[in-house]
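Notes for the one structure printed next.
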Amino acid sequence: MIGLSHYLVISAALFSLGIMGVLTRKNAVNVLMGIELILNSANLNLVAFSRFSAGNLNGQIFAVFIIVIAAAEAAVALAIVLSMYRLLKSVNLDQADTLKG
Amino acid sequence: MDKMLLSQVVFYFFATMTVVSACIVVFARSLIYSAFGLLFTFFGVAALYVFLGADFIAAAQLVIYVGGILILLLFGVMLTHKLYDLNLKTETYQFFPSLLTALAVFATLLGVMMKTSWHSPGVTPDNPTTAQIGVLFMKDFILPFEIASIFLLVALIGAAMIVRRKAE
Numbered sequence: 001m002i003g004l005s006h007y008l009v010i011s012a013a014l015f016s017l018g019i020m021g022v023l024t025r026k027n028a029v030n031v032l033m034g035i036e037l038i039l040n041s042a043n044l045n046l047v048a049f050s051r052f053s054a055g056n057l058n059g060q061i062f063a064v065f066i067i068v069i070a071a072a073e074a075a076v077a078l079a080i081v082l083s084m085y086r087l088l089k090s091v092n093l094d095q096a097d098t099l100k101g
Numbered sequence: 102m103d104k105m106l107l108s109q110v111v112f113y114f115f116a117t118m119t120v121v122s123a124c125i126v127v128f129a130r131s132l133i134y135s136a137f138g139l140l141f142t143f144f145g146v147a148a149l150y151v152f153l154g155a156d157f158i159a160a161a162q163l164v165i166y167v168g169g170i171l172i173l174l175l176f177g178v179m180l181t182h183k184l185y186d187l188n189l190k191t192e193t194y195q196f197f198p199s200l201l202t203a204l205a206v207f208a209t210l211l212g213v214m215m216k217t218s219w220h221s222p223g224v225t226p227d228n229p230t231t232a233q234i235g236v237l238f239m240k241d242f243i244l245p246f247e248i249a250s251i252f253l254l255v256a257l258i259g260a261a262m263i264v265r266r267k268a269e
C-alpha cells in the first residue's frame, strides 16, 4: 500500500537533488532548475499531507500559491540572468563578482 | 488485489522516473540534457499528483511548469548561449562538499520523517477537487488569492522592466 512516507521519501530526494544543483552548478540557468526542483518537492509534500493528514484541501490551495510564486520567480530570475549576460557576456556565477571589494 | 498491485507498479515507475530525471537535471554535463530531464521530472511529479487525487494541481503542474516555466528556462538557455554551440557544456564546482551537504540534508529529512508519528486520520476519498478549490478560493482564501494576482502582475511588470533596453 502506498502511504504518506513514500511521497515524503520522493520529496526529500527531490529536495536534496535541488540543493545539490544549486550548490554545484556554475551556470545561472542551471541553478534556477535546481530551485524549481526544490519548489516541486515542497509542493509534493503539501499535496501529500493534504491527502493523508489534513482531511481538507488547504494543502492543495497552498500548492497553487507556490506554483504562482514559482512562476513569478522564474520570470524575474531569468530577467536578471539576461541582464547579467548583457553586462558580463557570460552567465557563469563566479564571474558575477562586481560587488567584491 | 490485482488492481492494487498494478497501481503500485505504476506508482513506482513514476517515482523512479521522477528521481532519475532529477538526477539527470543535476548531474548532466549538457544544459539541454538538464532541461529535458526537468521536463520528465515535472511530468513525473504531475503523475504523483494524480496518484494523490489532486487532479487540479496535476493539470496546473502540466500547464504552468511544462508549458510555461520550462519554456522560459529554455528561452533563457537559448538567449544566453550561441545557438550553434550545440554541446552547451556547463561546469560544476565545489562538487564533493555539495554532495556531502545534500546527503546530510537527505539523511536528516529521512531521520525526522521516520521518527515522527504523523497524524493520520485516514485517506481523503478521491473526489473531483476543482470545484471545491474554486469555492475555497472565493470564500476562505479570497485575500491571498487577490494578493497573489497583484503579486504576479508586479513580478511580470518588474521582469519586463529589468530586461528592457534603455532608450538612447
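Protein chains in written order, with my numbering: chain A, 1 to 101; chain B, 102 to 269.
No residue lacks a Cβ here, since even glycine has one placed at the ideal position from N, Cα and C.
As the structure is a prediction and not an experimental result, all values here were calculated from the model.
Cut-off 7 Å between Cβ atoms - residues of its own chain near Y150 (chain B), not counting five sequence neighbours on either side: Sequence index remark: in the second sequence, residue 150 (chain B) carries index 49 (1-based). So the list reads I158, A159, Q162, once near-sequence residues are dropped.
Do the CB positions of A70 (chain A) and G59 (chain A) come within less than 9 Å of each other? To locate residue 70 (chain A), count along the first sequence from 1; it is residue 70. To locate residue 59 (chain A), count along the first sequence from 1; it is residue 59. Not in contact: A70 (chain A) and G59 (chain A) (Cβ atoms no closer than 9 Å).
Which word fits R130 (chain B), buried or exposed, when buried means at least 16 other C-beta atoms lie within 10 angstroms of its C-beta? Residue 130 (chain B) sits at position 29 when you count from the first residue of the second sequence. It is exposed - the Cβ of R130 (chain B) has fewer than 16 other Cβ atoms within 10 Å.
Simplified DSSP state of R265 (chain B), which is helix, strand or coil: Here the question's residue 265 (chain B) lines up with position 164 in the second sequence. Three-state DSSP puts R265 (chain B) in coil, outside helix and strand.
Mind listing the chain B neighbours of K26 (chain A)? Cutoff is C-beta to C-beta under 7 Å, in chain order. Residue numbering aside, residue 26 (chain A) sits at position 26 when the first sequence is read from its first letter. Per Cβ cutoff of 7 Å: T191, E192, T193, Y194.
Looking only at C-alpha atoms, which of A:L88, A:V9, A:L23 sits nearest to T119 (chain B)? The residue given as residue 119 (chain B) occupies position 18 in the second sequence. It is A:V9 whose Cα lies nearest to the Cα of T119 (chain B).
List, in chain order, every chain B residue whose beta-carbon is nearer than 7 Å to that of L32 (chain A). Translated into positions along the first sequence, residue 32 (chain A) becomes position 32. The contacting residues are L174.
Taking just the CA atoms, how far does Q195 (chain B) sit from G235 (chain B)? On the second sequence, position 134 is the one that residue 235 (chain B) refers to. On the second sequence, position 94 is the one that residue 195 (chain B) refers to. Their backbone Cα atoms lie some 46 Å apart in a straight line.
Contact set between L37 (chain A) and chain B, taken where Cβ atoms lie within less than 9 Å: As a first step, residue 37 (chain A) is located in the first sequence; it is residue number 37 there, counting from the start. Residues of chain B passing the Cβ test: A123, V126, V127, L139, T142.
For chain A, find out if any of its Cβ atoms is closer than 9 Å to the Cβ of V167 (chain B); answer yes or no. The residue labelled residue 167 (chain B) in the question sits at position 66 within the second sequence. No, no contact with chain A.
Does R42 (chain B) come out as helix, strand or coil in the three-state DSSP assignment? Nothing about residue 42 (chain B) can be read from this structure; chain B reaches only from 102 to 269.
From B:D227, B:L244, B:F115, pick the residue whose C-alpha is nearest to that of T342 (chain B); which is it? Chain B is shown from 102 up to 269; residue 342 (chain B) falls before or after that span and cannot be answered.
With a threshold of 9 Å between beta-carbons, can D94 (chain A) be considered close to chain B, or not? For this step, residue 94 (chain A) is matched to residue 94 along the first sequence. True, the Cβ-Cβ gap to chain B drops below 9 Å.
Less than 9 Å between the beta carbons of L37 (chain A) and G18 (chain A), yes or no? Here the question's residue 37 (chain A) lines up with position 37 in the first sequence. Here the question's residue 18 (chain A) lines up with position 18 in the first sequence. Contact flag set, yes.
For F238 (chain B), tell me which candidate among B:N228, B:D227, B:S250 has the shortest Cα-Cα distance. Taking the second sequence and counting its residues from 1, one reaches residue 238 (chain B) at position 137. Cα-wise, what sits closest to F238 (chain B) is B:S250.
My understanding is that S53 (chain A) touches H182 (chain B), with C-beta atoms under 8 Å, so please give their C-beta distance in whole angstroms. Translated into positions along the first sequence, residue 53 (chain A) becomes position 53. Translated into positions along the second sequence, residue 182 (chain B) becomes position 81. The Cβ separation is near 44 Å, so there is no contact.
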